[in-house]
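J.:
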Amino acid sequence: MSVALPPGLYEIHIPNDAKKKLLAPPSAGETICVGTVQTPLSVWQISGNGAITSFSTGNQTQTKDNPSTVGSNVVTDKAEGMQWIVCGVESTGNNSWTGSIMTNDVTGLFWSIESGRRIVLRNPANESIPQFHFVPASRKSFERVKETTQPSAGKGALEAILTVIIIVLYMILERSRGSKAKLL
Numbered sequence: 035m036s037v038a039l040p041p042g043l044y045e046i047h048i049p050n051d052a053k054k055k056l057l058a059p060p061s062a063g064e065t066i067c068v069g070t071v072q073t074p075l076s077v078w079q080i081s082g083n084g085a086i087t088s089f090s091t092g093n094q095t096q097t098k099d100n101p102s103t104v105g106s107n108v109v110t111d112k113a114e115g116m117q118w119i120v121c122g123v124e125s126t127g128n129n130s131w132t133g134s135i136m137t138n139d140v141t142g143l144f145w146s147i148e149s150g151r152r153i154v155l156r157n158p159a160n161e162s163i164p165q166f167h168f169v170p171a172s173r174k175s176f177e178r179v180k181e182t183t184q185p186s187a188g189k190g191a192l193e194a195i196l197t198v199i200i201i202v203l204y205m206i207l208e209r210s211r212g213s214k215a216k217l218l
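Take 35 as the starting number for the sequence shown in the numbering used here and just add one per residue.
1) Is it true that the stretch 91 to 107 meets the stretch 125 to 133, where meeting means three or more beta-carbon pairs spaced less than 8 Å apart?
2) Over the uninterrupted beta strand (DSSP E) stretch that includes Q117, give me the two end residues.
3) Leaving aside the five residues before and after T197 along the sequence, list all residues of the same chain whose C-beta is less than 8 Å from its C-beta, in chain order.
4) Quick check on this structure: which residue in L57, I86 and N160 has the alpha carbon closest to the alpha carbon of T137?
5) Helix, strand or coil for R156? Go by DSSP, reduced to three states.
6) Check Q184 in the structure and name its three-state DSSP category.
7) May I have the straight-line CA-CA distance separating E45 from G84, to the nearest angstrom?
8) In angstroms, rounded to a whole number, what distance separates the CA positions of G105 and I153?
9) In the DSSP assignment, find the unbroken beta strand (DSSP E) run with P170 in it and report its ends.
10) Classify E193: buried if its beta carbon has 16 or more other beta carbons within 10 angstroms, exposed otherwise.
11) Let me know if I66 comes out buried or exposed under the rule of 16 or more other beta-carbons within 10 Å of its beta-carbon.
12) Could you check the C-alpha separation between T70 and L56 for me, to the nearest Å?
13) In chain order, what residues of the same chain lie with their CB nearer than 6 Å to the CB of M116, ignoring the 5 residues before and after it?
14) I'd like to confirm something about S125: is its beta-carbon nearer than 7 Å to some heavy atom of the ligand MN, or not?
15) In whole angstroms, what is the alpha-carbon distance linking F168 and S149?
16) What do you get for R211, buried or exposed, if any count of 16 or more other CB atoms within 10 angstroms of its CB means buried?
17) Fully enclosed by the stretch 53 to 85, which beta strand (DSSP E) runs are 3 residues long or longer?
18) What's the C-alpha gap between E161 and L155?
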């Protein structure tokens, strides 16, 4: 049964290789890539409205095309990004989920991995679409992000603060129920 992906801070791992995850490019306008390094660039803030933002750079995911086209690179940029639909979400236990990432425009294109490295848009009618693994960012990842970034003013910073508040409230609720929640 599909569920909604809770807003929060995630590492997005690729299917069939838990060591590989999506990494934000260090500068705006570049394509999201796949890598294995443990870095703050692997932490993504996924908000309730579908925005996917690099937590370390504050850049939002988007494509340069509107409407989206097959083969478009998924990039991060300082401009307000696109809202995405994380669909087919299934809980895998241990506070993690799987799901695909789709455009919210009329094209219905999905994030896919090209040449094992770059994230591009693909049509599900022509090729299989990956089910990404959404793993809540660990305290260690979050602390590294906190140490290596400077707060930015504006909407992105407010969303980040609200996301952290939501995570803390969730953890308090889980602990009051007797769960062994371990995120914070």
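Note that CB positions come from ideal geometry on N, CA and C, so glycine has one too. For clarity, every value in this text was computed on a predicted model and none was experimentally measured.
T.: Let's see:
1) No: the two stretches stay apart, fewer than three of their Cβ pairs being nearer than 8 Å.
2) Stepping through the sequence shown from its first residue, residue 117 is reached at position 83. No residue range can be given for Q117, since it is assigned to no beta strand (DSSP E) and is classified by DSSP as neither H nor E.
3) Looking up residue 197 in the sequence shown gives position 163. These residues qualify, in order along the chain: P41, G42, L43, Q79 and S81.
4) Translated into the one-based positions of the sequence shown, residue 137 becomes position 103. That would be I86, whose Cα lies nearest to the Cα of T137.
5) Translated into positions along the sequence shown, residue 156 becomes position 122. Here R156 sits in strand by DSSP.
6) Counted from its first residue, the sequence shown places residue 184 at position 150. Because the pLDDT of Q184 is 40, which lies under 50, any placement of that residue in the model is unreliable, and the question is left without a value.
7) Walking along the sequence shown from the start, residue 45 turns up at place 11. Walking along the sequence shown from the start, residue 84 turns up at place 50. Roughly 16 Å separates the two Cα atoms.
8) Here residue 105 corresponds to residue number 71 of the sequence shown, with the count starting at 1. Here residue 153 corresponds to residue number 119 of the sequence shown, with the count starting at 1. Approximately 9 Å, taken between the alpha carbons.
9) As a working mapping, residue 170 is identified with position 136 in the sequence shown. Where P170 is concerned, the enclosing beta strand (DSSP E) stretches over F166 to P170.
10) Start at 1 with the first residue of the sequence shown, and residue 193 comes out as number 159. Counting other Cβ atoms within 10 Å of its Cβ, E193 reaches 16 or more and is therefore classed as buried.
11) Along the sequence shown, one-based indexing puts residue 66 at 32. Counting Cβ neighbours within 10 Å, I66 comes out buried, since at least 16 surround it.
12) The sequence position of residue 70 within the sequence shown is 36, counting from 1. The sequence position of residue 56 within the sequence shown is 22, counting from 1. Cα to Cα, T70 sits roughly 9 Å from L56.
13) Here residue 116 corresponds to residue number 82 of the sequence shown, with the count starting at 1. Result list for M116: Q96, in chain order.
14) Among the ligands in the structure shown, none appear at all, so the ligand MN cannot be discussed.
15) For the purposes of this step, residue 168 is taken as residue 134 along the sequence shown, with counting starting at 1. For the purposes of this step, residue 149 is taken as residue 115 along the sequence shown, with counting starting at 1. So the alpha carbons of these two residues sit roughly 21 Å apart.
16) Here the question's residue 211 lines up with position 177 in the sequence shown. Classification of R211: exposed, given that the 10 Å Cβ count is below 16.
17) Listed in chain order, the complete beta strand (DSSP E) runs (minimum 3 residues) inside the stretch 53 to 85 are 55 to 57, 67 to 69 and 78 to 80.
18) To locate residue 161, count along the sequence shown from 1; it is residue 127. To locate residue 155, count along the sequence shown from 1; it is residue 121. Going by the C-alpha atoms only, they are around 11 Å apart.
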